[in-house]
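Residue numbers (our numbering): 1 to 327.
We put the CB at the ideal spot given by N, CA and C, even for glycine.
Okay, structure first, notes after.
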């Protein structure tokens, strides 16, 4: 079972409730749409990104602009970093985001697994370069501060995939807060609900940032300049937008806790539920008009990932179906 075949099956079924891919349903902020409509300059820019964009992202993370590189979405940033550390031992916790293995497969990289225990919290004991993702996809778990300390103490380097850092319901600690040996992969896709805009950033030590810029030059050459200009001009709305989307997705997670009768670890962020499910849940739910993703895609059979990307009324209806066919 792979992602492509699962999505083909969902496309064939045409379900009423699409709770499979993490495509945000919350409308993008009007300020960003307006800014995009005003951008007239779409000429080439430098492979590391436009100065105004790098300065805007640097202001968010409290770093120097020289430590910021624009990338064409989060996965592009991850690919650049995994390539940069291709000669090191790469490790990632399980359950995992399958995109990491797709990248590893293209580059012929080994990617070892670190098993998670109760509450989907891994123990970090092995030396290596870790690719971690918190708030987590697929579980929604946020790593406690003491476990982040454990990670940075044992890791040779940390590639911290923080695509969901703006959607949190509990305290979030980035490894970057505790160690200089960290590269953060960031994206505006989820917080601004614009995954098709393909704009993100890598925040990293200068020598690592230079490698990411080299990767840009060899692949896409220049991240989308119109998107960089627009986002840089509205970066001041980010704190408000974080609060708004976090409150929306928090409400949906609480609705799942009330209505969904499948067992799952309460999420601390993102917009996913990773629930225990009976045999055949994916097909049975699909037959009743609800699409979820099988846990096998994330390295865990017997589970399904539910994306909370519909309004509460529609989610309530979908949860009723899941309760009936997946317990």
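How big is the Cα-Cα spacing for residue 80 and residue 113?
20 Å
Quick check on this structure: which residue in 116, 68, 213 and 31 has the alpha carbon closest to the alpha carbon of residue 91?
116
Pull up the distance between the alpha-carbon of residue 43 and that of residue 225, whole angstroms please.
7 Å
Can you give me the C-alpha to C-alpha distance between residue 244 and residue 271, rounded to a whole angstrom?
13 Å
Tell me the residue span of the alpha helix (DSSP H) that contains residue 276.
Run containing residue 276: none in the alpha helix (DSSP H); it sits in the beta strand (DSSP E), 272-276.
Expected contact under 8 Å - CB spacing of residue 95 and residue 249 to nearest Å:
Not confirmed; about 19 Å, so no contact.
Here's the rule: buried if 16 or more other CB atoms are within 10 angstroms of the residue's CB, otherwise exposed. What is residue 217?
exposed
Excluding sequence positions up to five away, which residues of its chain have a Cβ less than 8 Å from the Cβ of residue 32?
192, 194, 230, 231, 234 and 237
Return the chain-ordered list of same chain residues with a C-beta closer than 8 Å to the C-beta of residue 101, the five sequence neighbours on each side being excluded.
111
When you compare each of 6, 28 and 35 to residue 21 by their alpha carbons, which one comes out closest?
6
Looking at the strands, I want to know which residues DSSP matches up with residue 52.
According to DSSP, residue 52 bridges with nothing at all.
What residue does the alpha helix (DSSP H) around residue 216 start on, and which one ends it?
206-218
Alpha-carbon to alpha-carbon, residue 9 and residue 180:
44 Å
By DSSP, does residue 203 sit in helix, in strand, or in coil?
strand
Whole angstroms is fine: what's the gap from residue 67's alpha carbon to residue 319's?
44 Å
Quick check on residue 18: does DSSP put it in helix, strand or coil?
strand
Please state whether the Cβ-Cβ distance between residue 15 and residue 286 is less than 7 Å.
yes
In whole angstroms, what is the alpha-carbon distance linking residue 162 and residue 133?
6 Å
Express the C-alpha separation of residue 269 and residue 330 in angstroms, rounding to a whole number.
The structure shown has nothing for residue 330, since the chain only spans 1 to 327.
Pick from 122, 82 and 131: whose alpha carbon is nearest that of residue 408?
Absent from the structure is residue 408, since the part of the chain shown begins at 1 and ends at 327.
Rounded separation between residue 325 and residue 290 - CA only:
11 Å
Below 8 Å on the Cβ atoms is my guess for residue 252 versus residue 308; work out the distance and round it to an integer in Å.
4 Å
Closest by C-alpha distance to residue 254, when choosing among 70, 105 and 168
168
Helix, strand or coil for residue 180, going by three-state DSSP, please let me know.
coil
Could you give the first and the last residue of the continuous beta strand (DSSP E) run that contains residue 90?
90-94
The alpha helix (DSSP H) that contains residue 148, what's its start and end?
145-154
Output yes or no for whether 7 Å exceeds the beta carbon distance between residue 200 and residue 74.
yes
Please return the same chain residues whose Cβ sits closer than 7 Å to the Cβ of residue 206, not counting the five positions on each side in sequence.
66 and 67
Can you give me the start and stop residues for the alpha helix (DSSP H) that residue 10 sits inside?
3-13
C-beta contact flag for residue 212 and residue 203 at 7 Å
no
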